[in-house]
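Participant: Here it is, the structure, as structure tokens.
There are 2 protein chains.
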Amino acid sequence: MERLVIEDIRPRIKDGAYPAKAIAGRPILVAADIFRDGTAVLTAVVRWKKAAGGSSESFPMEALPNHRWQARVDPSSIGLYEFVIEAWSDHYATWKRDVDVKFEAGQSIEVELEEGARLLEASASLIEDERASVLTDAASAMRNQDLTPKERLDHSLGSEVEQLLSTYPPRNDLTRSRPMRIRIERPRAGQGAWYELFPRSYGGLEGTLKRLPAVADMGFDVLYLPPIHPIGVTDRKGRNNTIPAGPDDPGSPWAIGSEQGGHTAIDPDLGTIEDFDRLVEEVKGLGMEVALDYALQCSPDHPWVKEHPEWFHHRPDGTIKFAENPPKKYQDIYPINFWPETNREGLWEACKEILDFWISHGVRIFRVDNPHTKPLAFWIWVLGAVFDEHPDVVFLAEAFTHPKMMAKLAEIGYSQSYTYFTWRVTKQDLTDYLTELAQGPLGEYMRPNFWPNTPDILSGPLRYGGPGVFKMRLALAATMSPAYGIYGGYELCENEPARDTDEEYLNSEKYEIKDRNWDSEGSIAPYITRVNAIRRGHPSLLELRNIIFHDSGNPNVIAYSKGHIHSGDLVVVAVNLNPAGVEEARLWIDRWPIGVNLEGPVRVREELTGETSEWMHPGPVLSLEPEEPARIFHLTQWEAG
Amino acid sequence: MERLVIEDIRPRIKDGAYPAKAIAGRPILVAADIFRDGTAVLTAVVRWKKAAGGSSESFPMEALPNHRWQARVDPSSIGLYEFVIEAWSDHYATWKRDVDVKFEAGQSIEVELEEGARLLEASASLIEDERASVLTDAASAMRNQDLTPKERLDHSLGSEVEQLLSTYPPRNDLTRSRPMRIRIERPRAGQGAWYELFPRSYGGLEGTLKRLPAVADMGFDVLYLPPIHPIGVTDRKGRNNTIPAGPDDPGSPWAIGSEQGGHTAIDPDLGTIEDFDRLVEEVKGLGMEVALDYALQCSPDHPWVKEHPEWFHHRPDGTIKFAENPPKKYQDIYPINFWPETNREGLWEACKEILDFWISHGVRIFRVDNPHTKPLAFWIWVLGAVFDEHPDVVFLAEAFTHPKMMAKLAEIGYSQSYTYFTWRVTKQDLTDYLTELAQGPLGEYMRPNFWPNTPDILSGPLRYGGPGVFKMRLALAATMSPAYGIYGGYELCENEPARDTDEEYLNSEKYEIKDRNWDSEGSIAPYITRVNAIRRGHPSLLELRNIIFHDSGNPNVIAYSKGHIHSGDLVVVAVNLNPAGVEEARLWIDRWPIGVNLEGPVRVREELTGETSEWMHPGPVLSLEPEEPARIFHLTQWEAG
């Protein structure tokens, strides 16, 4: 039976069924409600260790108001950790509190002193070396009738005595919380600027090498490649998602597998595994990382279809079921049956072997295609197994689905998640969504990755939009979310949709090879370069939960800040959301809870232009043109006196 | 491995470690988030049964927005129940949804019809009687090439077919939630007007019989008696908590136990067990119930002190530790050591036997003295054991302690709880506190019992207050909380504190026998009678979570409502909180979310006076005198047209 209550333990995701999440290098505040019946003084510690075993480290907790306790743990290395909270009554401190009150009230403390001596002896009995005598000596002094009660009491006050008492406490009501798990991930699990490109449009893997310096120069951290595997020929999709494909149409990279191999093969049109290894190395040399697509589906020509027909859905007419979203049909793709009647374990292991293969080739980041159409049980297993062996792997969930499934995927272990950002356009929608992501419970475990566009999604104002809109959406994504990404072509402001009825690009790169003029005059690459440099220069932009929205007095101007004037990195962002006109807004910055005092001047540097200024009461009035819709201000202030 | 997610199950207290709570006769909404990967149509049911065993009943759940599901369960009998939620993919409904879309889109559905036939046969194979042929016949029709595809499809639509499919679904991804427990209690667990009296001031148990009709006439439901056991003589407290007691001082009833017996004995000065049995019967005959005090502590003369010295705390000087809150000393009371080194189980059983004894004498309500000073583990055990045998027992926790402990006691099983109401006096404090109790998570499991006064607590404006203040605090307690109580003497507006430094009454009844003139002219008994009658006439007043606060435009006038104009029982309460002056307030009642439409007239009956009126736009202006500070309005409205 538990003597103390230890509950509402944090960090914890929901009921704690899956590990909480943290990032190496950032302090973790471990907290809990701790109390028991009566009025004893309590002590509590966090015992912290690798989940795989080994010795534990102990962190003392401090009492906060209202029976909340807290300890700070600084995780230095990544991996799965486990902690328990231990708490017990500190009999000596309780005794000391009460005896002091009685002494002050002039009551006799003779019996209390004997009780104190016995408590000292109880701790002494737990010490196996000569230090025990420090406590037994103190006990003797406490019984010394030659001293005054005050003198006898003071003998319990020495720092050595107190140190020993806290190291060797009798803990007869010791209560231990259930063990809690927490996964410490590397910073890239939550932060980074992603750039997506289809190698086939660059001349394959080797051709892609030539594009790398430009991507690195723009300041991207992750180079994400859609599937690079052989593409099926059966029912291959032609340009603009038509059937049948023409003889030269390359097909969709997501129709994975042909006679030339499956998920561990490289499309011969792109190159060889040696080319891939070289790409990984060169990317690394440029300070970036490669992210691969993990799309668990097969073209009709995938080797698994013949080798393991049991891993697919079969129909009464003998065919294998292709992907459908009635009445839409995706004949070039067979979904996998993750619950086959036989050989389920073989299938799941084979899926994991794909990851193992690419991990062995230096890949540590996977963008997972449509995880919400595969069983959660599979993800729980495969993510856990991969993390156990490679705690530095990062999984990005590409689940554009309902909020509870998106949260669940993050809960069970996905490092980061695509979001609804693409469809959050108005000031109200952006404010509500960011507030939910950052300030709600989601903020504890779902790490957003904001994409203004993807090869599947050309949406909102980007459709037919001009460079100003592309700058606007990029500035929002890059300053709101610690992780964001663009699909290459964004810098050229590619804006032509295929139709009004969906969000596809015209002449989508999913079905054809694109040739682009990266040096075109309208490119906003210099702007992207500047934004990424600003991100790297401002740690507060690489956090999520610190975002605060502020009144701008203008429904077309969104204003927010990250950081605090005293934190050394306060960034204020204001963006004109109206692509059609100039918008003015006053920043009433001294009303904001960011520590700025406009009684004295505030030094301001607008990071996109480098212009500096001073802001005075009552705050600046901004005039934001649609062509340059964003301002990213860095604020500093030296307090007078 | 679970195929579906079933989570955030309600009702549930915190993480579900202890049973949720409900009241017999009130519907329970069982809800959960239910979803899985992919797009299958799901089905979910609640399986409900007595926790002790027996067959389960099944309640279908309906899908709400955002993957929330809900079923309504109407608990008819009290006791501990257990439910699980079961959910699975409805393959037939999924197939039907998709085949309909394809048919509408003009696609061939030949293979789909064969799939449908096989689904029908799959259900048929689960049926062991001749009804199976209904499904096999439907399957044959679905394969009948002589019919059109539309005709073949329609053969799956018959109500008998659908009934059988829903009764015998193939459930290959059946997922079952963890079992959840819920305790159904009788209404008295949450509702009732309590009246506390010390029998010794009424001439013992027999004398108390004479007082009963007056208490019943005032409309009280529960007669609560402080301890009626023999009182210790050692270190007995005298009048006004002095030592030593005079020879005629009766001592504190909470100093339980003497040579004449302990917790299962009756103080001979009060009467015999037969007198007590008669009291229980007469109270029942008047439509009330007796509540006894359960105070687990002993006077130095309690039989346990000699029989079981191991159940107490011993000091180095050979004495037993009396109760202390340094520097205060309570020499007439020995706390029990609930974790003795030997015979702990004997102690806990003995404590339960006290309850068993009084239960065998017809008592079903216990007011538990200071439960927060005894182990939670003890309460979890003893409440559970008593509820198992007597699910109609009600426990009221008298824990005036920190909020987390109060919540915990409610969580582990206490039926109702004393509260901070006594110290919530201002409009803001009352509003905040009620909002927390009613609208926060506490509202799901902590049932408040509001006491304007207790024998220990004469507080706030009642100190030296006039009859208007006593009416004000009574009206607030009785209309805000479904359960409330007063300590007898309240009706005489006893208002003299012992000191300014605590909340004791002068000449407290805890230490002396009081003789009162119940017929005194200043008695507010008629007012109390009226308020209790109003409570009995308005079911909405016997609920907690329906309270809504409204703007009165006056910081000294609190206004709130319970119910809705369409529920048939809408009560609006307005109270002047200023004991010193008249306060005016307008009730902008058509702005309130209670369904009132002041375009048409609203018929109003003020229940304290019986006065009727009609309210028109923009709502009434009230003038509230401190002598009659409260208005309790019953509103009805017939919609025009």
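Sequence order for the protein chains is P and L.
Note that my numbering has the first sequence beginning at 1, numbered continuously upward.
Note that my numbering has the second sequence beginning at 642, numbered continuously upward.
All C-beta atoms, glycine included, are put in the ideal place defined by N, C-alpha and C.
When Cβ atoms are compared, which residues of the stretch 497 to 514 of chain P fall closer than 9 Å to chain L?
Facilitator: Under the 9 Å Cβ criterion, the stretch 497 to 514 of chain P contributes no residue.
Participant: Are the C-beta of THR1253 of chain L and some C-beta of chain P separated by less than 8 Å?
Facilitator: Along the second sequence, read from residue 1 onward, the residue named residue 1253 of chain L stands at position 612. No, because no Cβ of chain P sits closer than 8 Å to the Cβ of THR1253 of chain L.
Participant: With ALA672 of chain L as the anchor, note down where its beta strand (DSSP E) starts and where it stops.
Facilitator: Residue numbering aside, residue 672 of chain L sits at position 31 when the second sequence is read from its first letter. Run containing ALA672 of chain L: 669 to 676, per the beta strand (DSSP E) assignment.
Participant: Would you grab the beta carbon distance between TRP381 of chain P and TRP339 of chain P for me? Rounded to a whole angstrom, and I think it's under 8 Å.
Facilitator: Translated into positions along the first sequence, residue 381 of chain P becomes position 381. Translated into positions along the first sequence, residue 339 of chain P becomes position 339. At roughly 13 Å, the Cβ-Cβ gap does not stay under 8 Å, so TRP381 of chain P and TRP339 of chain P are not in contact.
Participant: Please report whether the beta-carbon of ASP910 of chain L lies at a distance below 8 Å from any beta-carbon of chain P.
Facilitator: Counted from its first residue, the second sequence places residue 910 of chain L at position 269. No, its Cβ sits nowhere closer than 8 Å to a Cβ of chain P.
Participant: What residue range does the beta strand (DSSP E) around ALA1215 of chain L cover?
Facilitator: Taking the first residue of the second sequence as 1, we reach residue 1215 of chain L at position 574. Per DSSP, ALA1215 of chain L belongs to the beta strand (DSSP E) from 1211 to 1217.
Participant: Which residues of chain L have a Cβ atom closer than 9 Å to the Cβ of THR373 of chain P, listed in chain order?
Facilitator: Here residue 373 of chain P corresponds to residue number 373 of the first sequence, with the count starting at 1. By Cβ distance, chain L contributes ASP678, GLY679, THR680.
Participant: Looking at THR1035 of chain L: is its Cβ nearer than 8 Å to the Cβ of ILE1006 of chain L?
Facilitator: Position 394 of the second sequence holds residue 1035 of chain L. Position 365 of the second sequence holds residue 1006 of chain L. In the sequence under discussion, the amino acid at residue 1035 of chain L is Val, which differs from the Thr named in the question. Cβ distance < 8 Å, so VAL1035 of chain L and ILE1006 of chain L count as in contact.
Participant: Are there three or more Cβ pairs, one per stretch, closer than 8 Å when the stretch 35 to 44 of chain P is compared with the stretch 10 to 27 of chain P?
Facilitator: Result no; under three Cβ-Cβ pairs closer than 8 Å.
Participant: Identify each residue in the stretch 1033 to 1054 of chain L for which the Cβ-Cβ distance to at least one residue of chain P is less than 8 Å, and report them in chain order.
Facilitator: Within the stretch 1033 to 1054 of chain L, the residues whose Cβ lies closer than 8 Å to some Cβ of chain P are HIS1043, PRO1044, LYS1045, MET1046, LYS1049, listed in chain order.
Participant: Name the residue from L:GLU792, L:ASP649, L:LYS662, L:LYS691 whose alpha carbon lies nearest to the alpha carbon of ALA595 of chain L.
Facilitator: This structure does not reach residue 595 of chain L, given that chain L is present from 642 up to 1282, and the question cannot be answered.
Participant: Nearest to ASP1033 of chain L by alpha carbon, out of L:GLY1025, L:GLU1039, L:GLN711?
Facilitator: Taking the second sequence and counting its residues from 1, one reaches residue 1033 of chain L at position 392. Closest by alpha carbon: L:GLY1025.
Participant: Note down, in chain order, each residue of its chain lying with its Cβ closer than 7 Å to the Cβ of LEU296 of chain P, except the 5 sequence neighbours on either side.
Facilitator: Indexing the first sequence from 1 puts residue 296 of chain P at position 296. The residues are ILE336, CYS351, LYS374.
Participant: Between which two residues does the alpha helix (DSSP H) harbouring SER508 of chain P extend?
Facilitator: Here residue 508 of chain P corresponds to residue number 508 of the first sequence, with the count starting at 1. Counting along the chain, SER508 of chain P falls outside any alpha helix (DSSP H), and DSSP gives it neither H nor E.
Participant: Give the single residue among L:ILE1154, L:PRO1123, L:TRP945, L:GLN804 whose Cα lies nearest to the Cα of LEU1182 of chain L.
Facilitator: As a position in the second sequence, residue 1182 of chain L is number 541, starting the count at 1. LEU1182 of chain L has its Cα closest to that of L:PRO1123, out of L:ILE1154, L:PRO1123, L:TRP945, L:GLN804.
Participant: So that I know if they touch, is there some Cβ in chain P lying closer than 8 Å to that of PRO968 of chain L?
Facilitator: Taking the second sequence and counting its residues from 1, one reaches residue 968 of chain L at position 327. Yes, contact with chain P.
Participant: Quick one: Cα of GLY641 of chain P to Cα of ASN597 of chain P, how far?
Facilitator: Walking along the first sequence from the start, residue 641 of chain P turns up at place 641. Walking along the first sequence from the start, residue 597 of chain P turns up at place 597. No answer about GLY641 of chain P holds up, because its pLDDT of 38 lies below 50 and its placement is not dependable.
Participant: Is the shortest distance between the beta-carbon of ASP1073 of chain L and the beta-carbons of chain P less than 8 Å?
Facilitator: Along the second sequence, read from residue 1 onward, the residue named residue 1073 of chain L stands at position 432. No, because no Cβ of chain P sits closer than 8 Å to the Cβ of ASP1073 of chain L.
Participant: So is LYS306 of chain P buried or exposed if we call it buried at 16+ other beta carbons inside 10 Å?
Facilitator: Within the first sequence, residue 306 of chain P is the residue found at index 306, counting from 1. Exposed is the call here.
Participant: Helix, strand or coil for ALA1281 of chain L per DSSP?
Facilitator: Your numbering for residue 1281 of chain L matches position 640 in the second sequence. With a pLDDT of 44 at ALA1281 of chain L, under the threshold of 50, the modelled position of this residue cannot be trusted; read the value that follows with caution. Of the three classes helix, strand and coil, the one that applies to ALA1281 of chain L here is coil, per DSSP.
Participant: What separation, rounded to the nearest whole angstrom, lies between the Cα atoms of LEU1115 of chain L and TRP1064 of chain L?
Facilitator: As a first step, residue 1115 of chain L is located in the second sequence; it is residue number 474 there, counting from the start. As a first step, residue 1064 of chain L is located in the second sequence; it is residue number 423 there, counting from the start. Answer to the nearest angstrom: the Cα atoms are 14 Å apart.
Participant: Using a Cβ cut-off of 7 Å, which residues of the stretch 737 to 749 of chain L contact any Cβ in chain P, in chain order?
Facilitator: The stretch 737 to 749 of chain L vs chain P, Cβ under 7 Å: ASP739, VAL742, LYS743, ALA746, GLN748.
Participant: Classify ILE273 of chain P: buried if its beta carbon has 16 or more other beta carbons within 10 angstroms, exposed otherwise.
Facilitator: Along the first sequence, read from residue 1 onward, the residue named residue 273 of chain P stands at position 273. It counts as exposed.
Participant: Please work out which residues of its chain come closer than 7 Å, Cβ to Cβ, to ARG1157 of chain L, disregarding the five sequence neighbours upstream and downstream, and give them in chain order.
Facilitator: Here residue 1157 of chain L corresponds to residue number 516 of the second sequence, with the count starting at 1. Cβ neighbours of ARG1157 of chain L beyond the five flanking positions: GLY1130, LEU1133.
Participant: At which residues does the alpha helix (DSSP H) containing ASP741 of chain L begin and terminate?
Facilitator: Mapped onto the second sequence, residue 741 of chain L falls at position 100. ASP741 of chain L -> alpha helix (DSSP H) spans 732 to 745.
Participant: Assign TRP1279 of chain L to buried or exposed, taking buried as 16 or more other Cβ atoms, counted over all protein chains shown, within 10 Å of its Cβ.
Facilitator: As a first step, residue 1279 of chain L is located in the second sequence; it is residue number 638 there, counting from the start. By the neighbour-count rule (16 or more Cβ atoms within 10 Å), TRP1279 of chain L is not buried but exposed.
Participant: Grouping DSSP H, G and I as helix and E and B as strand, with all else coil, what is LEU754 of chain L?
Facilitator: Residue 754 of chain L sits at position 113 when you count from the first residue of the second sequence. Note: LEU754 of chain L maps to helix in three-state DSSP.
Participant: On the criterion of 16 or more Cβ atoms from any shown chain inside 10 Å, does SER58 of chain P qualify as buried, or is it exposed?
Facilitator: As a first step, residue 58 of chain P must be located in the first sequence, where it is residue number 58. By the 10 Å Cβ count, SER58 of chain P comes out exposed.
Participant: Work out the CA separation of HIS1031 of chain L and GLU723 of chain L for me, nearest whole Å.
Facilitator: What you label residue 723 of chain L is simply residue 82 of the second sequence in a count that begins at 1. What you label residue 1031 of chain L is simply residue 390 of the second sequence in a count that begins at 1. Roughly 17 Å between the two C-alpha positions.
Participant: Quickly, what does DSSP pair VAL1243 of chain L with across the bridge? List them, please.
Facilitator: As a working mapping, residue 1243 of chain L is identified with position 602 in the second sequence. Looking at the DSSP assignment, VAL1243 of chain L forms a beta bridge with L:TRP1256.
Participant: Write down the C-beta distance between MET929 of chain L and PHE839 of chain L rounded to the nearest angstrom, noting that I regard them as a contact closer than 8 Å.
Facilitator: In the second sequence, counting from the first residue as 1, residue 929 of chain L sits at position 288. In the second sequence, counting from the first residue as 1, residue 839 of chain L sits at position 198. Wrong, their Cβ atoms sit about 17 Å apart, outside the cutoff.
Participant: Count the other C-beta atoms from every protein chain shown that fall within 10 angstroms of the C-beta of LYS471 of chain P, then say buried if there are 16 or more, exposed otherwise.
Facilitator: Against the first sequence, residue 471 of chain P aligns to sequence position 471. Buried is the call here.
Participant: Assess, as a yes-or-no matter, whether the stretch 1059 to 1073 of chain L is touched by the stretch 1085 to 1099 of chain L under the definition of 3 or more beta carbon pairs within less than 8 Å.
Facilitator: In short, these stretches touch, since the Cβ pair count reaches three.
Participant: By how many angstroms is the C-alpha of ASN1195 of chain L removed from the C-alpha of HIS1275 of chain L?
Facilitator: Counting from one through the second sequence, the residue named residue 1275 of chain L turns up at place 634. Counting from one through the second sequence, the residue named residue 1195 of chain L turns up at place 554. Each residue's alpha carbon lies about 22 Å from the other.
Participant: For ASP934 of chain L, which of L:LEU864, L:VAL924, L:ARG956 has the nearest alpha-carbon?
Facilitator: Numbered from its first residue, the second sequence carries residue 934 of chain L at position 293. Selected option, being the one with the closest Cα: L:LEU864.
Participant: If we cut at 8 Å on Cβ distances, does ALA640 of chain P have a partner in chain L?
Facilitator: Mapped onto the first sequence, residue 640 of chain P falls at position 640. Low local confidence applies: a pLDDT of 44 at ALA640 of chain P is under 50, so the model's placement there is unreliable, with the coordinate-based value given in what follows. So no, ALA640 of chain P is outside the interface.
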